[in-house]
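Note that my numbering gives residue 508 to position 506 of the sequence shown, counting from 1, and the numbers run on in steps of one. Using N, Cα and C, we set each Cβ at its ideal position, and we do this for glycine too. Below is one structure, written out as structure tokens; the observations come after it.
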Amino acid sequence: MCGIVGYVGPRDCSDVLVSALTKLEYRGYDSAGIAVFDDSLIKVAKSKGRLKDLIDKMEKEGKPSGHAGIGHTRWATHGEPSDINSHPHSGKRVTIVHNGIIENYKELKQFLLDNGRQFLSDTDTEVVAQLLDYYYDGDPINTIQRTVRDLRGSYSLGIVFADFVDTVYGIRCESPLIVGKGKDESFIASDVPAIINYTKNYYTLEYGEIAILKDGSVSFCDLYGKPLAKELKTADWDEKAAEKAGYEHYMIKEIHEQPSAVKTTITPRIENDMVNLTECSITDEMLKSFDRIFIVACGTAMHAGMVAKYVIEKIARVEVIVDIASEFRYRNPLITSKDLVIIISQSGETADSKAALKLSKEMGAKTLAIVNVKGSSIAREADMVIYTHAGPEIAVASTKAYMVQLSVMYLFAFELAFSKGKITKDKYIEFTKALASTPEYIEKTIEEVKDECQYISTKLLNADSLLYIGRGLDYALSMEGSLKLKEISYIHSESYAAGELKHGTISLVTEQMPVIAVVTQNDLLEKTVSNIKEVKARGAVTIVICDEHANIGNDVADYIIRIPQINPLLMPMLAAVPMQLLAYYTSVNRGNDVDKPRNLAKSVTVE
Ligand code: M6R
Numbered sequence: 003m004c005g006i007v008g009y010v011g012p013r014d015c016s017d018v019l020v021s022a023l024t025k026l027e028y029r030g031y032d033s034a035g036i037a038v039f040d041d042s043l044i045k046v047a048k049s050k051g052r053l054k055d056l057i058d059k060m061e062k063e064g065k066p067s068g069h070a071g072i073g074h075t076r077w078a079t080h081g082e083p084s085d086i087n088s089h090p091h092s093g094k095r096v097t098i099v100h101n102g103i104i105e106n107y108k109e110l111k112q113f114l115l116d117n118g119r120q121f122l123s124d125t126d127t128e129v130v131a132q133l134l135d136y137y138y139d140g141d142p143i144n145t146i147q148r149t150v151r152d153l154r155g156s157y158s159l160g161i162v163f164a165d166f167v168d169t170v171y172g173i174r175c176e177s178p179l180i181v182g183k184g185k186d187e188s189f190i191a192s193d194v195p196a197i198i199n200y201t202k203n204y205y206t207l208e209y210g211e212i213a214i215l216k217d218g219s220v221s222f223c224d225l226y227g228k229p230l231a232k233e234l235k236t237a238d239w240d241e242k243a244a245e246k247a248g249y250e251h252y253m254i255k256e257i258h259e260q261p262s263a264v265k266t267t268i269t270p271r272i273e274n275d276m277v278n279l280t281e282c283s284i285t286d287e288m289l290k291s292f293d294r295i296f297i298v299a300c301g302t303a304m305h306a307g308m309v310a311k312y313v314i315e316k317i318a319r320v321e322v323i324v325d326i327a328s329e330f331r332y333r334n335p336l337i338t339s340k341d342l343v344i345i346i347s348q349s350g351e352t353a354d355s356k357a358a359l360k361l362s363k364e365m366g367a368k369t370l371a372i373v374n375v376k377g378s379s380i381a382r383e384a385d386m387v388i389y390t391h392a393g394p395e396i397a398v399a400s401t402k403a404y405m406v407q408l409s410v411m412y413l414f415a416f417e418l419a420f421s422k423g424k425i426t427k428d429k430y431i432e433f434t435k436a437l438a439s440t441p442e443y444i445e446k447t448i449e450e451v452k453d454e455c456q457y458i459s460t461k462l463l464n465a466d467s468l469l470y471i472g473r474g475l476d477y478a479l480s481m482e483g484s485l486k487l488k489e490i491s492y493i494h495s496e497s498y499a500a501g502e503l504k505h506g507t508i509s510l511v512t513e514q515m516p517v518i519a520v521v522t523q524n525d526l527l528e529k530t531v532s533n534i535k536e537v538k539a540r541g542a543v544t545i546v547i548c549d550e551h552a553n554i555g556n557d558v559a560d561y562i563i564r565i566p567q568i569n570p571l572l573m574p575m576l577a578a579v580p581m582q583l584l585a586y587y588t589s590v591n592r593g594n595d596v597d598k599p600r601n602l603a604k605s606v607t608v609e
């Protein structure tokens with residue numbers, strides 16, 4: 003996902019832009035560039051590859067020197083990664099950086115070609131730069147407004163006009179853009195970590211809002227030039243939270259942060275062993291009124307929804323339909339005003355999840371967002387929101403965000419089950435007490451299984467393909483284990499309901515295909531053990547994740563990872579840990595870029 007930054011202030015602008023872009027590296031990118039007012043002229047430096055390639059290039063060819071400019075990390079969508087396709091892109095008097103997608107760029111390009119414009123790159127971004135230039139009438143806001151009127155898509159832009167020296171413009175049309183405010187300096191950025199080294203104070207731009215950064219101050223207006231007063235926010239975390247703190251990778255740091263993230267998320271919501279979600283506008287009356295629940299999300303967040311489905315249906319006896327947001331939004335789902343739609347999203351900006359939320363509201367459903375990023379689009383647009391408090395998650399592979407999503411879904415499930423009268427007060431208290439104790443058990447699990455997972459990961463190193471199997475909650479969890487492994491190790495893997503193997507997939511199993519079985523649900527243990535024996539008999543190396551007391555021996559498993567035993571309903575919160583660690587160490591052993599896996603972006607803000 004592309005990253006935008008911009009700066010106006012007394013520091014060396016090129017240095018600030020590059021340093022801010024390093025903080026956006028987690029979003030994934032394949033080229034980088036900056037444009038700076040240098041002696042009142044806009045100078046551009048850009049390069050395919052990593053920021054280091056840009057820095058090397060600037061060392062050889064000269065670094066733009068000045069106090070205002072824009073910068074970009076590009077994740078190629080239109081046109082291959084190359085120096086030419088890298089941002090910034092320019093027209094005669096306008097230079098821009100862009101995050102997002104312009105859907106109608108082809109017709110706009112044709113219009114501009116017909117009007118004598120020429121193009122250097124294959125990007126949709128250059129079309130926007132040329133269009134701004136085409137409409138330029140000496141008034142930046144008017145020019146932006148006329149241009150935006152023609153654009154279709156979701157995007158945000160950082161813009162500099164040659165005639166408006168040392169001034170930076172930012173506009174948001176869907177894709178996130180924040181504006182940082184320090185003493186005598188201001189910033190634009192796609193995300194808060196980019197600016198946190200300089201200031202914790204920032205504004206969030208809404209759709210169609212423009213920020214003007216000039217002379218160390220910042221002002222806002224809408225597309226018609228009407229001034230806007232905006233609320234200044236303060237990040238409740240500092241630069242340390244977005245740094246590696248001595249860990250080799252963000253992912254392993256974030257795995258270790260899970261106990262405290264869960265604690266921070268659940269503690270304020272449990273009072274006297276009872277769940278209290280009233281600060282999120284969730285009342286008993288409301289909970290009682292829903293006939294069905296839809297959980298809609300993407301990737302890891304959707305997998306958290308899968309666990310929630312098993313838990314809610316089991317204890318609250320309410321039907322739960324889990325949907326992939328990109329499918330939900332286009333299949334005319336059967337939602338009514340009696341349904342609750344829960345959108346789970348770490349970033350709160352995922353395009354498909356946002357669209358699913360919009361559709362659910364249009365269809366009259368009540369909506370609840372479970373979101374990590376404060377003030378994000380999904381959090382703002384849903385009827386109710388429960389924030390997870392994971393702090394910034396930098397590694398592309400989600401770990402702590404998944405864990406806190408699970409913890410919130412448990413809080414919700416317990417409250418729902420109790421309000422609907424499906425569990426006794428004693429049971430309710432037993433569950434909340436068990437949930438409150440998970441942080442210490444997650445910590446214990448990390449310490450107990452870390453070395454073992456590191457060792458077992460060496461057995462996965464050369465596999466071409468893997469299977470994850472489980473039943474019930476273990477199946478829901480194995481979906482996430484499989485995604486984690488494939489996204490960072492690049493080893494193909496599938497998760498399968500253990501009982502479904504015999505209906506086709508077991509034909510794939512040979513000694514070349516390791517099988518990881520999750521067996522934390524004692525009521526299903528014997529059944530899953532039979533399935534493990536079946537794959538073992540076909541030569542598979544078997545790795546079993548089970549609790550410390552499970553009756554499973556080496557006749558069934560080549561490797562056994564034992565985790566502490568807690569309430570079976572909550573076992574996914576512990577069993578997720580060895581899955582994350584197996585994926586992490588396999589990726590490290592294969593020499594992969596663990597935090598920034600190839601082709602992936604942290605936040606998918608376009609379809
Ligand atoms: O920000 P979101 O939670 O909405 O992101 C959804 C998915 O893109 C995300 O969970 C993705 O699958 C993970 N980064 C994978 O580890």
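In chain order, what residues of the same chain lie with their CB nearer than 6 Å to the CB of residue i, ignoring the 5 residues before and after it?
i, result
"S497", "Y470, S480, M481 and S484"
"T149", "L133, L134 and Y137"
"E513", "G541"
"F292", "L342"
"I562", "V546"
"M573", "T522"
"T267", "T390, H391, V406 and S409"
"R119", "Q132"
"T169", "K216"
Got a sec, what are the start and stop residues for the alpha helix (DSSP H) residue i sits in?
i, result
"L115", "Y107 to D116"
"K360", "A353 to E364"
"R382", "S379 to E383"
"L487", "L475 to S491"
"R148", "P142 to D152"
"Y537", "Sequence check: residue 537 is Val here, not Tyr. Element bounds for V537: L527 to A539."
Please name the residue, chosen from the options, that lies closest to residue i on a Cα-to-Cα basis.
i, options, result
"A237", "G184, A552 and G102", "G184"
"Y492", "V590, G8, S67 and S92", "V590"
"D124", "F113, G140 and Y107", "Y107"
"E449", "E27, P261, Y430 and S192", "P261"
"S532", "S379, V558 and I143", "V558"
"M288", "N334, G218, L370 and A353", "L370"
"T75", "P90, G64, P66 and S67", "P90"
For residue i and residue j, which I take to be in contact (beta-carbon distance under 8 Å), what is that distance rounded to the nearest angstrom?
i, j, result
"Y157", "G71", "20 Å between Cβ atoms; not a contact."
"I396", "I372", "About 20 Å separates the two Cβ atoms, so there is no contact after all."
"A310", "M411", "4 Å"
"V521", "A552", "6 Å"
"S188", "G11", "7 Å"
"K59", "A47", "6 Å"
Got a sec: is the Cβ-Cβ distance from residue i to anything in chain B below 7 Å?
i, result
"S480", "In the structure shown, chain B cannot be found, because there is only a single protein chain."
Give the range of the beta strand (DSSP E) segment to which residue i is assigned.
i, result
"L43", "L43 to K50"
"G472", "S467 to G472"
"M205", "Reading off the sequence shown, one finds Tyr at residue 205, where the question assumed Met. Segment N203 to T206, the beta strand (DSSP E) holding Y205."
"F163", "G155 to F163"
"S33", "S33 to D40"
"F292", "Segment: none, F292 is in no beta strand (DSSP E) and carries neither H nor E."
"K613", "Lying before the first or after the last residue shown, residue 613 is absent from the chain, which here runs from 3 to 609."
What residues in its chain sit with their C-beta under 8 Å from that of residue i, if we drop five residues either side in the sequence?
i, result
"S21", "N199"
"S669", "Residue 669 falls outside the range modelled here, since the chain spans only 3 to 609, and no answer is possible."
"K529", "R473, A500 and G501"
"K422", "L289, K290, A318, R319 and V320"
"L234", "K183, N203, Y204 and Y205"
"A247", "K255"
Can you say whether residue i is buried or exposed, counting buried as having 16 or more other CB atoms within 10 angstroms of its CB?
i, result
"R151", "exposed"
"A539", "exposed"
"R600", "exposed"
"K604", "buried"
"P229", "exposed"
"N334", "exposed"
"A478", "buried"
For residue i, which residues from the same chain have a beta carbon less than 7 Å from its beta carbon, with the 5 sequence-adjacent residues on both sides left out?
i, result
"I314", "I295, V320, V322, A415 and L418"
"R271", "V277, N278, L279 and L413"
"A303", "I346, S347, Q348 and Q407"
"S42", "V167"
"I197", "A22, G182, F189, A191 and Y204"
"T434", "I272, D275, M276, V277 and F416"
Closer than 6 Å: is that where the CB of residue i sits relative to any heavy atom of ligand 3?
i, result
"T607", "Ligand 3 is absent from the structure shown, which contains only ligand 1."
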